[in-house]
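Here the UniProt record's numbering is used: the first residue of the sequence shown is 1, the next is one more, and so on.
No residue lacks a Cβ here, since even glycine has one placed at the ideal position from N, Cα and C.
Keep in mind the model is a prediction, meaning the values are calculated, not measured.
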Amino acid sequence: MTDDHDAVGAMSFIFEAGVLKRAARTGWWFAGIKHPESIAEHSFRTALIGMMLAAMEGADPARVSMMCVLHDTQETRITDIPHIAKRYLTAVPNTAVTADQVAACPPAVAEAITAAVTEYEAGQTLEAIVARDADKLECLVQAVEYRHQGIDNVQRWIDSSRAALKTASAHRLADAALAGQPLAWLSPPPM
1 MTDDHDAVGA MSFIFEAGVL KRAARTGWWF AGIKHPESIA EHSFRTALIG MMLAAMEGAD
61 PARVSMMCVL HDTQETRITD IPHIAKRYLT AVPNTAVTAD QVAACPPAVA EAITAAVTEY
121 EAGQTLEAIV ARDADKLECL VQAVEYRHQG IDNVQRWIDS SRAALKTASA HRLADAALAG
181 QPLAWLSPPP M
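Structure representation (structure tokens):
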């Protein structure tokens with residue numbers, strides 16, 4: 001058996017990221033959602049939205065998707081802190097958490113992940129702005145879906161998410177989400 005420290009370090013991060021499949025998005029509990037989506041489910045759709053927004057806004061879809069996949073990986077260690085709790089708690093910056101998470105990874109992996117998280121957190125590049133819009137838009141879409149499932153206490157998530165959007169394309173998609181029906185795709189198009 002070989003001792004491949006780089007592979008062990010990379011696998012440690014992969015195993016840690018798997019926790020996000022079981023960790024709930026806790027803010028939805030305030031809206032009465034007993035079993036909200038996981039952080040991993042949120043990140044998956046955020047990456048899809050980010051890819052689409054990037055194409056619509058002329059940004060790099062791969063870079064945006066990468067930032068979207070990584071934007072909440074720190075929550076394995078600090079959890080999904082609801083917005084209201086942030087008034088009372090101080091967490092270390094996400095970049096510091098990420099640095100700890102990838103410390104044992106191969107240098108190229110650590111550098112790629114750290115650079116993407118740093119760019120996202122700075123929010124200055126077009127790709128970071130689009131990735132942040134994707135995060136907020138995914139929250140809005142989830143709220144719309146919950147509302148269509150009969151949860152009527154989600155307007156504050158819709159309003160705050162919409163107010164945070166920066167790009168024209170994100171606003172267009174938000175309008176479409178608010179006017180649309182989440183299960184309309186099940187009906188065949190008219191011939």
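Query                                                                                                                                                           : Result
Starting from the N-terminal side, write out each stretch of the alpha helix (DSSP H) that is 4 residues or longer and does not extend beyond the segment 7-82. : 39-57, 61-70, 75-78
Determine the extent of the alpha helix (DSSP H) in which residue 160 is found, giving its start and end residues.                                              : 155-164
If we count the other Cβ atoms within 10 Å of its Cβ and call it buried at 16 or more, is residue 89 buried or exposed?                                         : exposed
Within 10 Å of its beta-carbon, does residue 29 have 16 or more other beta-carbons around it, so buried, or fewer, so exposed?                                  : exposed
Are there 16 or more other CB atoms within 10 angstroms of the CB of residue 63, so buried, or fewer, so exposed?                                               : buried
Quick one: Cα of residue 1 to Cα of residue 8, how far?                                                                                                         : In this prediction, residue 1 scores a pLDDT of 46, lower than 50, which makes its location untrustworthy; no coordinate-derived value is stated.
Going by other Cβ atoms of all chains shown within 10 Å of its Cβ, with 16 needed for buried, is residue 158 buried or exposed?                                 : buried
Helix, strand or coil: how does DSSP classify residue 126 here?                                                                                                 : helix
Return yes when the Cβ of residue 93 is within less than 8 Å of the Cβ of residue 192, no when it is not.                                                       : The structure shown does not extend to residue 192, since the chain is modelled only from 1 through 191, so no value can be given for it.
Where does residue 5 land, buried or exposed, given buried means 16+ other C-beta within 10 angstroms?                                                          : exposed
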